[in-house]
Amino acid sequence: MDESSDESGGFHVDQRVHIAGDPRRIGVVRYVGVVKGHEGTWVGVDWDGDDDGKHDGSVAGVRYFDARTPRSGSLVRPRSLCGGVSVCEAVERRYRGNYTKEEEDLKELDLTGNLLSKWQDIGAVCEQISEFSM
(Lines of atoms letter the chains of each structure in order from A and count residues from 1; the text may use other names and numbers.)
(Lines give C-alpha, C1' and ligand atoms only; values in the text may rest on other atoms or scores of the structure.)
Protein backbone atom coordinates (compact mmCIF):
# COMPACT_ATOMS: atom_id res chain seq x y z
CA MET A 1 0.00 0.00 0.00
CA ASP A 2 1.45 3.38 -0.89
CA GLU A 3 1.69 6.36 1.45
CA SER A 4 -1.34 8.15 -0.03
CA SER A 5 -3.51 5.07 0.57
CA ASP A 6 -2.38 5.02 4.20
CA GLU A 7 -3.34 8.68 4.66
CA SER A 8 -6.72 8.16 2.97
CA GLY A 9 -7.62 5.42 5.42
CA GLY A 10 -8.26 3.16 2.44
CA PHE A 11 -11.37 5.10 1.43
CA HIS A 12 -12.19 5.53 -2.25
CA VAL A 13 -14.72 7.39 -4.38
CA ASP A 14 -18.20 5.79 -4.48
CA GLN A 15 -17.60 3.86 -1.24
CA ARG A 16 -20.43 3.79 1.32
CA VAL A 17 -19.31 5.09 4.72
CA HIS A 18 -20.68 6.18 8.06
CA ILE A 19 -19.43 8.40 10.86
CA ALA A 20 -17.37 6.47 13.40
CA GLY A 21 -19.63 5.93 16.39
CA ASP A 22 -22.84 6.77 14.51
CA PRO A 23 -23.73 4.06 11.97
CA ARG A 24 -27.00 5.87 11.18
CA ARG A 25 -25.20 8.84 9.58
CA ILE A 26 -24.43 7.27 6.21
CA GLY A 27 -23.09 8.68 2.97
CA VAL A 28 -21.01 8.13 -0.16
CA VAL A 29 -17.37 9.15 -0.64
CA ARG A 30 -17.16 11.68 -3.48
CA TYR A 31 -13.60 12.99 -2.99
CA VAL A 32 -10.33 11.86 -1.40
CA GLY A 33 -7.38 14.25 -1.36
CA VAL A 34 -5.95 17.52 -0.15
CA VAL A 35 -7.96 20.60 0.81
CA LYS A 36 -6.46 23.99 0.11
CA GLY A 37 -5.16 25.63 3.28
CA HIS A 38 -5.27 22.41 5.35
CA GLU A 39 -2.71 19.67 5.90
CA GLY A 40 -3.20 16.00 5.19
CA THR A 41 -5.81 14.00 3.38
CA TRP A 42 -9.53 14.72 3.58
CA VAL A 43 -12.55 12.67 2.51
CA GLY A 44 -15.49 14.41 0.83
CA VAL A 45 -18.78 12.74 1.75
CA ASP A 46 -22.24 13.31 0.29
CA TRP A 47 -24.52 12.30 3.18
CA ASP A 48 -27.80 10.45 2.63
CA GLY A 49 -29.58 13.03 4.81
CA ASP A 50 -30.18 16.23 2.84
CA ASP A 51 -29.04 18.45 5.72
CA ASP A 52 -26.46 16.16 7.36
CA GLY A 53 -23.52 18.07 5.86
CA LYS A 54 -22.15 21.58 5.94
CA HIS A 55 -21.88 22.54 2.27
CA ASP A 56 -22.45 21.50 -1.36
CA GLY A 57 -18.94 20.11 -1.93
CA SER A 58 -17.18 23.45 -2.25
CA VAL A 59 -15.19 25.20 0.48
CA ALA A 60 -13.69 28.70 0.33
CA GLY A 61 -14.55 28.98 -3.36
CA VAL A 62 -12.94 25.66 -4.36
CA ARG A 63 -15.19 22.83 -5.55
CA TYR A 64 -14.01 19.39 -4.45
CA PHE A 65 -17.13 17.40 -5.39
CA ASP A 66 -20.79 17.92 -6.26
CA ALA A 67 -23.14 17.15 -3.38
CA ARG A 68 -26.80 16.30 -4.01
CA THR A 69 -28.08 19.27 -2.00
CA PRO A 70 -26.63 22.57 -0.76
CA ARG A 71 -26.07 21.05 2.71
CA SER A 72 -25.46 17.33 2.18
CA GLY A 73 -21.67 17.54 1.73
CA SER A 74 -18.82 17.47 4.24
CA LEU A 75 -15.06 17.19 4.17
CA VAL A 76 -13.88 15.04 7.07
CA ARG A 77 -10.69 13.34 8.22
CA PRO A 78 -10.44 9.64 7.37
CA ARG A 79 -10.19 8.73 11.07
CA SER A 80 -13.74 10.08 11.52
CA LEU A 81 -15.22 7.50 9.14
CA CYS A 82 -15.90 3.78 8.99
CA GLY A 83 -16.35 1.79 5.80
CA GLY A 84 -19.86 0.77 4.90
CA VAL A 85 -21.19 -2.75 4.69
CA SER A 86 -22.94 -4.63 1.91
CA VAL A 87 -26.71 -5.01 1.94
CA CYS A 88 -26.36 -8.67 2.86
CA GLU A 89 -24.08 -7.85 5.78
CA ALA A 90 -26.48 -5.16 7.00
CA VAL A 91 -29.47 -7.52 6.81
CA GLU A 92 -27.51 -10.26 8.56
CA ARG A 93 -26.34 -7.92 11.34
CA ARG A 94 -29.85 -6.61 11.86
CA TYR A 95 -31.82 -9.84 11.78
CA ARG A 96 -29.52 -12.83 12.39
CA GLY A 97 -30.56 -14.73 15.47
CA ASN A 98 -33.94 -13.04 15.72
CA TYR A 99 -35.92 -15.69 13.84
CA THR A 100 -39.50 -16.50 14.68
CA LYS A 101 -41.43 -19.74 14.12
CA GLU A 102 -43.05 -18.23 11.01
CA GLU A 103 -39.66 -17.55 9.41
CA GLU A 104 -38.64 -21.19 9.82
CA ASP A 105 -41.55 -22.18 7.55
CA LEU A 106 -40.85 -19.55 4.88
CA LYS A 107 -40.83 -21.12 1.41
CA GLU A 108 -41.43 -18.12 -0.84
CA LEU A 109 -39.85 -14.67 -0.93
CA ASP A 110 -41.08 -11.81 -3.12
CA LEU A 111 -38.12 -9.54 -3.92
CA THR A 112 -40.06 -7.33 -6.34
CA GLY A 113 -39.04 -3.70 -5.95
CA ASN A 114 -36.14 -4.48 -3.61
CA LEU A 115 -32.92 -2.47 -3.39
CA LEU A 116 -30.64 -5.43 -4.15
CA SER A 117 -28.71 -4.68 -7.32
CA LYS A 118 -26.74 -7.93 -7.79
CA TRP A 119 -27.97 -11.48 -8.27
CA GLN A 120 -25.22 -12.61 -5.87
CA ASP A 121 -26.85 -10.54 -3.10
CA ILE A 122 -30.26 -12.05 -3.81
CA GLY A 123 -28.69 -15.52 -3.76
CA ALA A 124 -27.06 -14.80 -0.41
CA VAL A 125 -30.43 -13.76 1.05
CA CYS A 126 -32.08 -16.90 -0.34
CA GLU A 127 -29.35 -19.13 1.14
CA GLN A 128 -30.43 -17.95 4.60
CA ILE A 129 -33.87 -19.47 4.09
CA SER A 130 -33.42 -23.17 4.90
CA GLU A 131 -36.46 -24.48 2.99
CA PHE A 132 -36.02 -22.23 -0.04
CA SER A 133 -34.77 -23.62 -3.34
CA MET A 134 -33.94 -21.72 -6.49
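FYI, full-length UniProt numbering numbers position 100 of the sequence shown as 100, with every residue one higher than the one before it.
C-beta atoms are modelled at their ideal positions from N, C-alpha and C, and glycine is treated no differently.
For the pair Val29 and Asp110, the Cα-to-Cα distance works out to about 32 Å.
Membership of Gly83 in the beta strand (DSSP E) is indicated by the continuous run 81-83. Residues Val29, Val32 of the same chain have their beta carbon placed closer than 8 Å to that of His12, with the five preceding and five following residues left out of the count. The C-alpha of Gly83 is placed about 22 Å away from the C-alpha of His55. With contacts defined as CB atoms closer than 8 Å, Trp42 and Ser72 fail to qualify as a contacting pair.
Val29 carries a strand assignment under DSSP once its states are collapsed to helix, strand and coil.
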